[in-house]
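In the order they appear, the protein sequences are chains A and B.
Here the first sequence is numbered in the working numbering, starting from 31 and rising by one per residue.
Here the second sequence is numbered in the working numbering, starting from 26 and rising by one per residue.
The beta carbon of each residue, even a glycine, is placed where N, CA and C say it ideally should be.
A short worksheet on the structure shown next.
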Amino acid sequence: MPHSHNEHRNYQESVYKTNPEYLKLNHPSLSPRMVSLVLHWVQQCCEVFYLKRETYYLASCYFHLYLSKVENLKPKHLQLIATSCLLIAFKIEELGLLSCNSLVEVNNGQCSKTDIVVMEKHISKTLCWKLYPKTLNNILGQATRQWDDFVNGNLRVFISL
Amino acid sequence: MEKNNPEEFKVPFSPLLIGRYKMIKKIGKGSYGSVYKVEDIKDRKTATTPDSPKKYFAVKKMKLPANRLKIQGIDFTTLREINILQEIKHENIIPLVDVFHINRSTFMVMELMKSDLSKLMFSRTITLTIPHIKCIMLQIFYGLKELHKNWIIHRDLTPNNLLISEDGVLKFSDFGLSRFFASNNRPMTQNVVTLHYRAPEILFGANYYGPQIDIFSAGCILGGLLLRGTLFCGRNDIDQMSQIFKIMGTPSEETWEGVTNLPHYVEFEETPPQSFRILFPGIDEDLANLLEGLLVLDPNKRLTVEQCINHPFFNKSPDSCDPDELPMDDIS
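Structure (structure tokens):
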């Protein structure tokens with residue numbers, strides 16, 4: 031029998047733990063505003079490529095996990111890291127191919143294809159190849175599905191009364 | 026010291042991978058890429074005595090995707106496979122030792138195994154007794170239990186992907202097709218599992234299926250072990266289905282609820298199910314019962330891993346043998 035959902039979630043939480051203080055502790059030259067700008071930019075990219083919501087949440091998970099594991103990043107690297115995170119998330123979640131060329135395009139040519147690919151390898155290595163975190167989107171979806179089941183099972187009887 | 030050995034020079038590959046693994050020979054090839062036997066040099070340098078036992082590993086070189094002109098980074102199947110191997114550590118799952126890149130190829134370092142189950146199964150010189158079969162099947166179920174517990178479906182369970190170590194321990198490998206089935210209701214592809222081990226619900230094009238497809242493959246393997254060949258050996262999808270139904274009987278709404286609504290449902294000429302005791306004369310009732318339970322057409326009626334492990338067949342004498350008693354020496 032599989033683990034129960036809750037058990038699985040607890041296990042996942044222990045493996046995919048981000049350090050909430052990573053900006054203060056690891057990266058003195060970054061500000062919260064920069065991070066939020068970059069993540070907003072990733073959101074816009076997802077819109078341009080018609081990607082799923084889950085892909086964005088995965089990418090942001092990788093982004094936070096990576097940032098809590100490395101130190102002293104410069105602001106100019108943030109966009110490259112976000113791009114590579116998006117690429118990995120795409121490969122994990124979506125079908126088909128997202129070409130690196132289009133990623134370079136949305137980057138305004140700030141980084142090259144090789145940059146993205148090298149960064150991708152580095153990120154997956156830093157995260158020890160553990161790339162299946164439970165995203166916010168996932169947990170929310172599960173909760174709403176549980177609510178639907180509950181409504182279908184119990185409330186319908188209640189309403190019909 | 027190694028330079029004195031003239032045979033080492035004949036190996037046409039680059040001798041060292043990332044300065045640590047020395048290529049020895051190619052041992053396998055598949056759709057995913059090729060597998061090489063390598064020697065780990067790193068530990069030998071630090072060892073005090075030069076005679077310390079050599080450490081061998083298998084290195085899987087992943088094939089580059091078809092459009093190799095475009096740089097796309099790591100191939101997504103590779104990414105998923107490494108991922109799943111990272112998630113689970115179990116005696117019956119092949120351990121991943123290391124991952125590294127050279128240029129654009131990804132290399133996965135894994136434990137070196139002596140053989141695989143297909144060699145044992147199709148060998149004409151080896152006799153497999155009931156304790157041997159029990160031992161093999163139990164190990165398959167233990168591995169499957171661990172996978173299903175972690176919400177993973179293997180999706181390519183064949184004798185070729187079940188490796189056997191020198192002490193007879195069975196290990197699952199090749200997770201290129203595996204996926205998590207935890208909490209997303211995404212449609213799944215039907216293009217999985219080698220045809221001869223494919224479950225009927227995939228053949229009928231079901232968009233959603235569960236871990237039961239691994240159980241069906243395990244059933245095909247058990248049948249193969251008794252038959253010493255492939256149980257259902259179809260030439261194409263339709264032929265495969267007719268072969269399955271010839272033995273298990275054609276499905277109908279009574280035996281399998283919702284079968285007629287599946288996307289690729291085709292009606293077959295009606296045949297009644299056959300008893301496994303007639304097909305395999307000489308097997309006892311429990312074994313026939315287990316085989317039937319594994320190969321039930323309706324996925325919801327198929328046994329779960331837990332039920333398989335606790336099946337009376339495994340509790341009866343003769344008991345399952347120890348892994349190291351498997352006839353490993355006779356494999357050429």
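Residue-level contact by beta carbon holds for B/I99 and chain A, with a gap shorter than 8 Å. For the stretch 80-100 of chain A, the set of residues with a beta-carbon nearer than 9 Å to any beta-carbon of chain B comprises E84, in chain order. With distances taken between CA atoms, B/I118 lies nearest to B/K170 out of B/G235, B/L252, B/K170 and B/K79.
B/C160 and B/D347 have their C-alpha atoms roughly 7 Å apart. Remark: three or more beta-carbon pairs, one from each stretch, lie closer than 8 Å, so the stretch 93-102 of chain A and the stretch 147-160 of chain A are flagged as touching. By the CB criterion at 8 Å, A/C91 and A/T85 fall outside the cutoff. In this structure, DSSP gives B/L188 an extended state, which the three-state scheme calls strand. For the C-beta of B/Q111, the chain A residues within less than 8 Å are, from N- to C-terminus, C158, W159 and K160. With a threshold of 8 Å between beta carbons, B/L104 makes contact with chain A.
In the pairwise beta carbon analysis, the stretch 317-335 of chain B is classified as touching the stretch 242-251 of chain B: at least three pairs are separated by under 8 Å. Residues of the same chain with a CB within less than 6 Å of the CB of A/S114, apart from the 5 flanking positions on each side, are I146, M149, E150 and I153 in chain order. In the DSSP assignment, B/M87 falls outside any alpha helix (DSSP H) and within the unbroken beta strand (DSSP E) covering Y81 to M87. When the beta-carbon positions are compared, A/Y162 and B/F205 come within less than 8 Å of each other. Note that the stretch 214-229 of chain B does not touch the stretch 117-135 of chain B; fewer than 3 beta-carbon pairs, one per stretch, sit closer than 8 Å. Apart from sequence neighbours up to five positions away, the residues of its chain that approach B/L312 with a beta-carbon distance below 6 Å are F338, ordered along the chain.
Contact annotation: in the stretch 121-140 of chain B, residues whose CB is within less than 7 Å of a CB in chain A are V124 and H126. A distance below 6 Å between beta-carbons, with the five flanking residues on each side excluded, links A/N167 to the following residues of its chain, in chain order: R83, E84 and Y87. In the DSSP assignment, A/K121 falls within the unbroken alpha helix (DSSP H) covering L108 to E123.
DSSP places A/E135 in the uninterrupted alpha helix (DSSP H) bounded by C130 to V136.
Bridge partners of B/M133 according to DSSP: B/K85 and B/V124.
Residue B/Q265 holds the alpha-carbon nearest to the alpha-carbon of B/I227 among B/Q265, B/T152, B/S190 and B/K114. DSSP places A/K99 inside the alpha helix (DSSP H), whose first and last residues are R83 to K99. Under the three-state reduction of DSSP output, A/D145 falls in the helix class. For B/G235, no beta strand (DSSP E) run applies, since DSSP gives it neither H nor E.
Per DSSP, B/V330 is one residue of the alpha helix (DSSP H) stretching across V330 to I334.
Taking each of B/V84, B/M48 and B/K67 in turn and checking the Cα distance to B/S59, the smallest one comes out for B/V84.
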